[in-house]
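Engineer: Shown below is the structure under consideration.
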Amino acid sequence: MFARSAARAALNSRSFSSSAARHTKVAVLGAGGGIGQPLSLLLKTNPLVTSLSLYDIRGAPGVAADVSHIDTASEVNGYPADKLDQALEGVEVVVIPAGVPRKPGMTRDDLFNTNASIVRDLASAVARVSPQAHILVISNPVNSTVPIVASVLEKAGVFDPRRVFGVTTLDVVRARRFLAGVTGNHPKDTGVTVVGGHSGKTIVPLLSQTSYGKGLDKETWSQLVHRIQFGGDEVVKAKDGAGSATLSMAYAGAKFTDSLLRGLSGEKGVITPTFVKSDLFADQGIEFFSSNVELGPNGVEKIHPLGPISAEEQQLLNECLPDLKSNIEKGRKFVEQS
Ligand code: NAD
Ligand code: LMR
């Protein structure tokens, strides 16, 4: 009896000291926006976040005041336009949803001219103030903004490929939900690995790797693939000029941040697709690629190979790679010429 309660006390004190020892400060850059606000809300409810730093060129102190009343333990601070450096002090994870969203008729690449410099300047501040931080890029076009962040950090001499991520989780969330819609199963049973990049044809869902996805007839398969690849357009069209996905993206961004925080805190077996510097297609000149990545105490622990794919998926991949390559090169060139 005593031995059991002593063991329990030891266990409690261990878990108490490890959670008490870990302080994770997370910054959201673009916290006043359509994604930034609900993302800040969701991060405030995450027990792995001990401090939340909300920055935007507009409205972040108001969002911070609002979110700070939620009865979870983390502290929240909001920073106005001229306080970026203060917002980044001591931060371990930086999530970036800053930038303009699409309107109907636009591609994500059409956002490049505006968002490239926003992301470049934010990355440069991270390099200066919190060079050890993990950077999670949401701002579009992700296929180019991630290489922009990497190039800025490289120029500053602080790039670590284990710490820069393009958030492609919304593609995975959609794939899971849309497949469940077709099969009638619960989304939790219809996980799908989505690889490649984050725009149209560069989004490659590997449905053949799931028990529910591999039995689909050809017609259903192609409609489903198209819906996963162009799900963003559905939302842009429905919002009719008022922006793109914000709520589902906040959910996806919070989900990916939680996965990273679990990996950083030592949890084993945290594996999810994300767009990172990768050797998988480096021989074809493609430096960044989204595939299943194991997250751990240093960020990226292991990049998993694609595994077996069908002939149709190989065809999707063949269509993905040239676009992805040019999107990546565009991002790289932008920083070279800046
Ligand atoms: P939004 O216009 O509602 O919000 C963007 C916010 O960024 C605004 O509050 C704005 O003030 C802020 N901002 C602009 N420049 C800034 C700067 N230099 N520093 C800090 N903040 C700055 O847009 P949104 O709907 O939240 O979308 C944001 C971005 O996320 C867009 O580029 C969009 O395409 C992208 N997005 C990506 C995904 C994905 O899956 N990765 C999904 C949805 C949207
Ligand atoms: C999405 O996939 O919803 C985002 O990338 C936003 C967009 O422009 O479609």
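In the working numbering, the protein residues as written are 3 to 340.
Cβ atoms here follow ideal geometry from the backbone N, Cα and C, with glycine treated the same way.
On the premise that residue 275 lies in contact with residue 197, defined as a C-beta separation below 8 Å, what is that separation, rounded to the nearest angstrom?
Structural biologist: Confirmed, about 6 Å.
Engineer: Which of helix, strand or coil does DSSP assign to residue 71?
Structural biologist: The answer is coil: DSSP assigns residue 71 none of H, G, I, E or B.
Engineer: As a quick exercise: from 296, 257 and 207, pick the residue whose alpha carbon is nearest that of residue 44.
Structural biologist: Comparing Cα-Cα distances from residue 44 to each of 296, 257 and 207, the minimum goes to 257.
Engineer: With a threshold of 7 Å (Cβ to nearest heavy atom), would residue 251 be considered close to the ligand NAD?
Structural biologist: Yes, the beta carbon of residue 251 sits closer than 7 Å to at least one heavy atom of the ligand NAD.
Engineer: Under a three-way DSSP split, which group does residue 291 fall into?
Structural biologist: Of the three classes helix, strand and coil, the one that applies to residue 291 here is strand, per DSSP.
Engineer: Does DSSP put residue 23 in a helix, a strand or coil?
Structural biologist: Unreliable positioning characterises residue 23 in this predicted model, as indicated by a pLDDT of 49, which lies under 50. The coordinate reading is nonetheless provided below. If DSSP states are grouped into helix, strand and coil, residue 23 belongs with the helices.
Engineer: Ignore the nearest five residues each way along the sequence and tell me which others in residue 253's own chain have a CB closer than 6 Å to its CB.
Structural biologist: Same-chain partners within the cutoff: there are none.
Engineer: Quick check on this structure: which residue in 82, 34, 170 and 152 has the alpha carbon closest to the alpha carbon of residue 100?
Structural biologist: Residue 100 has its Cα closest to that of 34, out of 82, 34, 170 and 152.
Engineer: Using the rule of at least 16 other Cβ atoms within 10 Å of the residue's Cβ for burial, across every protein chain shown, is residue 224 buried or exposed?
Structural biologist: Burial call: exposed.
Engineer: Note down, in chain order, each residue of its chain lying with its Cβ closer than 8 Å to the Cβ of residue 106, except the 5 sequence neighbours on either side.
Structural biologist: Closer than 8 Å at the Cβ level, and outside the excluded window around residue 106, lie 238, 239, 242 and 243.
Engineer: Does the ligand NAD have a heavy atom nearer than 7 Å to the CB of residue 1?
Structural biologist: Here the chain has residues from 3 to 340 only, and residue 1 is not among them.
Engineer: State buried or exposed for residue 333, treating a residue as buried only when at least 16 other CB atoms are found within 10 Å of its CB.
Structural biologist: That one is buried.
Engineer: Around the Cβ of residue 313, are there at least 16 other Cβ atoms within 10 angstroms (buried) or fewer (exposed)?
Structural biologist: Exposed.
Engineer: Quick one, are the C-beta atoms of residue 140 and residue 230 less than 8 Å apart?
Structural biologist: No. Outside cutoff.
Engineer: Suppose contacts are defined by Cβ-Cβ distances below 8 Å. Is residue 26 in contact with residue 46 by that definition?
Structural biologist: Their beta carbons are not under 8 Å apart, which means residue 26 does not touch residue 46 by this criterion.
Engineer: Could you give the DSSP three-state label for residue 132: helix, strand or coil?
Structural biologist: The answer is coil: DSSP assigns residue 132 none of H, G, I, E or B.
Engineer: Between the alpha carbons of residue 124 and residue 260, how many angstroms are there, rounded?
Structural biologist: Straight-line Cα distance between these residues: approximately 22 Å.
Engineer: Quick check on residue 255: buried or exposed, where buried means 16 or more other Cβ atoms within 10 Å of its Cβ?
Structural biologist: Residue 255 is buried by the Cβ-count criterion.
Engineer: With a threshold of 7 Å (Cβ to nearest heavy atom), would residue 247 be considered close to the ligand LMR?
Structural biologist: Checking every heavy atom of the ligand LMR against the Cβ of residue 247, one is found closer than 7 Å.
Engineer: Let's see if you can read the secondary structure: which residues bound the alpha helix (DSSP H) around residue 274?
Structural biologist: Element bounds for residue 274: not the alpha helix (DSSP H) but the beta strand (DSSP E), 272-279.
Engineer: Is the Cβ-Cβ distance between residue 126 and residue 91 less than 8 Å?
Structural biologist: No, the Cβ-Cβ distance between residue 126 and residue 91 is not below 8 Å.
Engineer: Quick one: using the 10 Å Cβ neighbour count with 16 as the cut-off for buried, is residue 221 buried or exposed?
Structural biologist: Looking at its Cβ environment, which holds fewer than 16 other Cβ atoms inside 10 Å, residue 221 is exposed.
Engineer: What does the Cβ neighbour count give for residue 8, buried or exposed, with the cut at 16 atoms within 10 Å?
Structural biologist: Confidence at residue 8 is low in this model, with a pLDDT of 38, below 50, so its placement is unreliable and the value that follows should be read with caution. Exposed: under 16 other Cβ atoms inside 10 Å.
Engineer: In whole angstroms, what is the alpha-carbon distance linking residue 181 and residue 192?
Structural biologist: Cα to Cα, the separation comes out at about 7 Å.
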